[in-house]
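Sequences listed follow chains A and B, in order. Counting from 316, one number per residue, gives the positions in the first sequence under the numbering used here. Counting from 316, one number per residue, gives the positions in the second sequence under the numbering used here. Each residue gets a CB set at the ideal place from its N, CA and C atoms; glycine is no exception. Working notes, structure below.
Number of protein chains: 2
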Amino acid sequence: MDTLETRELRYFVAVAEELHFGRAAERLGMAQPPLSRAIQQLERRLGVCLLERNRRGVRLTGAGEVLLQEGRAALDATAAAARRTRRAGGADSPGGPRDQLVLAVKAAASHDLLRKLLDAYAAEPGSAEVEVLLCGMCEQEELLRDGRADVALMHTPWNSLAGFDSEALTTEGQVALLPAGHPLAAREALSLADVRDVPDLPLARWPSHGTYAPGPGPEIHNQTQLAQLIALGRTVAVVPDSARSWLWAEHAAVPLTDAPPVVTHIAWPVHSRSVALAGLIRTAARL
Amino acid sequence: MDTLETRELRYFVAVAEELHFGRAAERLGMAQPPLSRAIQQLERRLGVCLLERNRRGVRLTGAGEVLLQEGRAALDATAAAARRTRRAGGADSPGGPRDQLVLAVKAAASHDLLRKLLDAYAAEPGSAEVEVLLCGMCEQEELLRDGRADVALMHTPWNSLAGFDSEALTTEGQVALLPAGHPLAAREALSLADVRDVPDLPLARWPSHGTYAPGPGPEIHNQTQLAQLIALGRTVAVVPDSARSWLWAEHAAVPLTDAPPVVTHIAWPVHSRSVALAGLIRTAARL
DNA sequence: ACGCGGTGATACCCGACGGGTATGACAGGG
DNA sequence: CCCTGTCATACCCGTCGGGTATCACCGCGT
Numbered sequence: 316m317d318t319l320e321t322r323e324l325r326y327f328v329a330v331a332e333e334l335h336f337g338r339a340a341e342r343l344g345m346a347q348p349p350l351s352r353a354i355q356q357l358e359r360r361l362g363v364c365l366l367e368r369n370r371r372g373v374r375l376t377g378a379g380e381v382l383l384q385e386g387r388a389a390l391d392a393t394a395a396a397a398r399r400t401r402r403a404g405g406a407d408s409p410g411g412p413r414d415q416l417v418l419a420v421k422a423a424a425s426h427d428l429l430r431k432l433l434d435a436y437a438a439e440p441g442s443a444e445v446e447v448l449l450c451g452m453c454e455q456e457e458l459l460r461d462g463r464a465d466v467a468l469m470h471t472p473w474n475s476l477a478g479f480d481s482e483a484l485t486t487e488g489q490v491a492l493l494p495a496g497h498p499l500a501a502r503e504a505l506s507l508a509d510v511r512d513v514p515d516l517p518l519a520r521w522p523s524h525g526t527y528a529p530g531p532g533p534e535i536h537n538q539t540q541l542a543q544l545i546a547l548g549r550t551v552a553v554v555p556d557s558a559r560s561w562l563w564a565e566h567a568a569v570p571l572t573d574a575p576p577v578v579t580h581i582a583w584p585v586h587s588r589s590v591a592l593a594g595l596i597r598t599a600a601r602l
Numbered sequence: 316m317d318t319l320e321t322r323e324l325r326y327f328v329a330v331a332e333e334l335h336f337g338r339a340a341e342r343l344g345m346a347q348p349p350l351s352r353a354i355q356q357l358e359r360r361l362g363v364c365l366l367e368r369n370r371r372g373v374r375l376t377g378a379g380e381v382l383l384q385e386g387r388a389a390l391d392a393t394a395a396a397a398r399r400t401r402r403a404g405g406a407d408s409p410g411g412p413r414d415q416l417v418l419a420v421k422a423a424a425s426h427d428l429l430r431k432l433l434d435a436y437a438a439e440p441g442s443a444e445v446e447v448l449l450c451g452m453c454e455q456e457e458l459l460r461d462g463r464a465d466v467a468l469m470h471t472p473w474n475s476l477a478g479f480d481s482e483a484l485t486t487e488g489q490v491a492l493l494p495a496g497h498p499l500a501a502r503e504a505l506s507l508a509d510v511r512d513v514p515d516l517p518l519a520r521w522p523s524h525g526t527y528a529p530g531p532g533p534e535i536h537n538q539t540q541l542a543q544l545i546a547l548g549r550t551v552a553v554v555p556d557s558a559r560s561w562l563w564a565e566h567a568a569v570p571l572t573d574a575p576p577v578v579t580h581i582a583w584p585v586h587s588r589s590v591a592l593a594g595l596i597r598t599a600a601r602l
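Have a look at this one:
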């Protein structure tokens, strides 16, 4: 009577994201009429109007917004349950598959910290196998939530630690990454204001949870692209100190006096009770 | 093919908790054979053995433990989605039902703080209606997770703030609560060691997430019971300073020098995006 | 003004599957 | 030894989820 099925949540999230029954049905691999009916049944069962159907397309009501948010979280949780259970399968029988940990790391970030962590953990007696899952800019949180990863390296202020347990590992400052020939590249230090309004060098824009803030600068998708755009003199970026390890000859890095420090954390889902995970965290904390 | 239905999770959690198909089926309001079949299907779909069936009862495998843990979380998340959506229903239409917040508080704890908070918030312009949900010793976390509450007052070190956003409100010391006539009641201050091994007064035991640690003292379920047992000279307890507001004449409170301080937090689920909630938190932070 | 395209809703049918009842296989205890 | 209690199997049935065909409605073009 009052318990939502994951099927219903999947359907509703698809419709709420597409705002179009036909496209949502296609995405779900089904026909449109049963999808319409399913959403109507869902609305009846909840006793709530979720969608506002104007003859031209669909809009979310307030309750719909809530269900989109909460439904995504619930779907993540069930997906995580399935994945983690599958991975734990057989691990109880002695001689079964070794413990395995999936560690999510932003590609090209914290490279030497990561190497040190992996080396130190591998040297521990009884350590599990660690699979490194290199991901995009802000995906670690999603990967942890839906069970594709067990543990992640995260970087405040870009990642949010909300909803996870975490331990801070290192703190570093930030530098401005400029084309080597640029006048500002000769300075000893810069402030954020200096790099924000350079007329010929618009500040690069990083995605924040899949969307880009508006602005004049180019939209950055990965580190290679950023490096090239800077080398070409098209943009300037604010990056952590450790980025110096991948500087090109055409790059210059100038310390920033007032940029917020970047803290690298190791983070994991609350209530994780795996000995392998505990060992990795202990190793990380000792670095 | 790989997406768990909430029905399957409900069934498995019931079996895993009862460790008995018959009782689980009864609890679920269904017959035992379809339940057996559903669990078998679940195991086949996950490709994992979840239960070890000895002819006498059932035991969880390692994978089963994982699914019990993760499945509970997933069920909480879907229940929360349903509840919060229902509560948000109609709130979007102007003139619809007022915003409502459910605040979970341990019964008899932080009484004056709660009163101040409610008064201050009610005085705010545009404040929502606040329903106070008085709960047992450690239920706030569950209430927040499954959507029965929107926000809670929690007390470290008893409650865990893991998985929630929170803000610290007040810190207080702890006192030993003794029968008025007891020799220790005359002391100016006590240490934890003093109250731990009083031969004639075993330390009362509080439940921690539903279970009691072993020990000689009585198992406490609520504040009234504790007060009476102390007055009867049967036990001694360690409680926050603010408990002084409900002391009886037969009680004596003696400060403890080395007890961990009790911090009262206001906590809420991560990603909450309600203006009413934000207002309540802001009010609390200003107290 | 009229027809056309595109939206979501309705009508109807069918097969899958979730659930019930009856029964079986098997172990432990009086 | 049978009786009790456990979970698994066999079989039946009704519900309901999904597909196809179609409708009702609106905006827009000519």
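Contacts around residue i, its chain only, beta-carbon distance under 7 Å, and the 5 residues preceding and following it disregarded
i: E333 (chain A); result: A339 and R342
i: L433 (chain A); result: V445
i: A378 (chain A); result: V363, C364 and L365
i: L390 (chain A); result: T321, L324, R325 and V328
i: G337 (chain A); result: Q347
i: L449 (chain B); result: V420 and A422
i: A528 (chain B); result: R520
Assumed close pair residue i, residue j - CB separation to whole angstroms, cut-off 8 Å
i: G451 (chain B); j: C364 (chain A); result: Actually they are not in contact, since the Cβ atoms of G451 (chain B) and C364 (chain A) sit about 36 Å apart, beyond 8 Å.
i: S523 (chain B); j: L468 (chain B); result: With 8 Å as the limit, S523 (chain B) and L468 (chain B) do not qualify as a contact, their Cβ atoms being about 18 Å apart.
i: L541 (chain A); j: A519 (chain A); result: 6 Å
i: V513 (chain B); j: V551 (chain B); result: 6 Å
i: A600 (chain A); j: E482 (chain A); result: 6 Å
i: A591 (chain A); j: W563 (chain A); result: That belief does not hold up - the Cβ atoms of A591 (chain A) and W563 (chain A) are roughly 38 Å apart, past 8 Å.
i: A388 (chain A); j: A394 (chain B); result: 12 Å between Cβ atoms; not a contact.
i: L476 (chain B); j: L602 (chain B); result: Their Cβ separation, rounded to whole angstroms, is 19 Å, which puts L476 (chain B) and L602 (chain B) out of contact at 8 Å.
i: A495 (chain B); j: E380 (chain B); result: Not a contact, Cβ separation roughly 48 Å.
Per-residue burial, residue i [other beta carbons within 10 Å of its own, 16 or more giving buried]
i: A329 (chain A); result: buried
i: Q355 (chain A); result: exposed
i: A406 (chain A); result: Any reading at A406 (chain A) must be qualified, since the residue scores a pLDDT of 48, below 50, and its modelled position is unreliable; the value itself is stated next. By the neighbour-count rule (16 or more Cβ atoms within 10 Å), A406 (chain A) is buried.
i: G478 (chain A); result: buried
i: N474 (chain A); result: buried
i: R399 (chain B); result: buried
i: D317 (chain A); result: exposed
i: A397 (chain B); result: buried
i: L459 (chain B); result: buried
i: Q455 (chain B); result: buried
i: P555 (chain B); result: buried
i: L350 (chain A); result: buried
i: A437 (chain A); result: exposed
Top-ranked residue by Cα proximity to residue i, from the options
i: V447 (chain A); options: A:D465, A:A438 and A:A435; result: A:D465
i: P531 (chain B); options: B:D515, B:R401 and B:Q455; result: B:D515
i: A353 (chain A); options: A:R322, A:G344 and A:N369; result: A:R322
i: G441 (chain A); options: A:R460, A:R430 and A:Q415; result: A:Q415
i: R359 (chain A); options: B:V420, B:R401 and B:L357; result: B:R401
i: V417 (chain A); options: A:D427, A:A394, A:G462 and A:A388; result: A:G462
i: T598 (chain A); options: A:Y527, A:L449, A:S589 and A:K431; result: A:K431
i: R371 (chain A); options: A:H335, A:L361 and A:L319; result: A:H335
i: Q535 (chain B); options: B:C453, B:A443, B:R588 and B:L429; result: The sequence given here places Ile at residue 535 (chain B); Gln does not occur at that position. Checking every option, the nearest Cα to that of I535 (chain B) belongs to B:C453.
i: L319 (chain A); options: A:N369, A:A331 and A:L357; result: A:L357
i: P472 (chain A); options: A:L429, A:W521 and A:Y436; result: A:W521
i: H470 (chain A); options: A:L361, A:M345 and A:L429; result: A:L429
Cβ neighbours of residue i in the same chain (closer than 8 Å, five flanking residues each side left out)
i: V553 (chain A); result: Q489, V490, A491, L492, L507, V510, L518, L571 and A574
i: D427 (chain A); result: S557 and S560
i: A443 (chain B); result: R413, D414, Q415, L416, A591, G594 and L595
i: D533 (chain B); result: The sequence shown places Pro at residue 533 (chain B), rather than the Asp named in the question. So the qualifying residues of the chain are P517, A519, R520, L544, R549 and T550.
Own chain, CB closer than 6 Å to residue i, minus 5 neighbours either side, in chain order
i: D480 (chain A); result: W583 and V585
i: E367 (chain B); result: R374 and T376
i: Q538 (chain A); result: A423
Inset, instruction - Give a yes or no on contact between the stretch 381-399 of chain A and the stretch 492-500 of chain A, applying the rule of three or more CB pairs nearer than 8 Å. - result: no
Inset, instruction - Flag this pair as touching only if the stretch 483-492 of chain A and the stretch 573-586 of chain A have three or more C-beta atom pairs under 8 Å; answer yes or no. - result: Taking a contact to require three or more Cβ pairs closer than 8 Å, the stretch 483-492 of chain A and the stretch 573-586 of chain A qualify as touching.
Inset, instruction - May I ask you to verify whether the stretch 503-510 of chain A touches the stretch 554-561 of chain A, counting CB pairs closer than 8 Å and requiring at least 3? - result: No: fewer than three Cβ pairs fall under 8 Å.
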